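Enquirer:
Residue numbers (this note's numbering): 264 to 357.
#1: Could you spell out where the alpha helix (DSSP H) holding residue 281 opens and where it closes?
#2: So, helix, strand or coil for residue 301, using DSSP?
#3: Could you give the distance in angstroms between the alpha-carbon of residue 266 and the alpha-carbon of residue 307?
#4: Is the CB-CB distance between residue 351 and residue 292 below 8 Å?
#5: For residue 347 and residue 305, I'd like the C-alpha separation in whole angstroms.
#6: As a quick exercise: from 289, 288, 316, pick the residue whose alpha carbon is nearest that of residue 272.
#7: Among the candidates 276, 295, 323, whose CA atom is the shortest distance from the CA of residue 339?
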């Protein structure tokens with residue numbers, strides 16, 4: 264994989280991390296946070312997946328690399344889900 268492609272993928276990862284952090288900031292301790300997971304999933308589907316598809320179609324990354332990258336991105340949904348549960352638990356313990 265070329266260095267510029269690695270840099271682009273790193274930039275996309277940072278973007279997904281910022282989105283996740285932003286959505287976590289909207290978390291409500293009352294547990295009504297499912298929409299945040301849906302929003303992050305939509306961001307990934309709408310913005311990241313097409314970029315990765317173009318990188319793959321242009322032979323900049325192979326099928327395995329594309330799959331691994333998208334798996335990482337969608338894995339951030341599970342991370343966000345776990346963080347949201349922590350927010351909810353903190354409220355319940357107060």
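Built from N, CA and C at the ideal position, the CB exists for glycine as well. All of these numbers come straight from a predicted model, not from anything done at the bench.
Expert: The answer reads as follows:
#1: Counting along the chain, the unbroken alpha helix (DSSP H) around residue 281 starts and ends at 266 to 288.
#2: Secondary structure at residue 301: helix, using DSSP grouped into helix, strand and coil.
#3: Taking the Cα positions, residue 266 is about 23 Å away from residue 307.
#4: For residue 351 and residue 292, yes; Cβs fall inside 8 Å.
#5: C-alpha separation (whole angstroms): 18 Å.
#6: Among 289, 288, 316, the Cα nearest to that of residue 272 is on 316.
#7: Minimum Cα distance to residue 339 is reached at 276.
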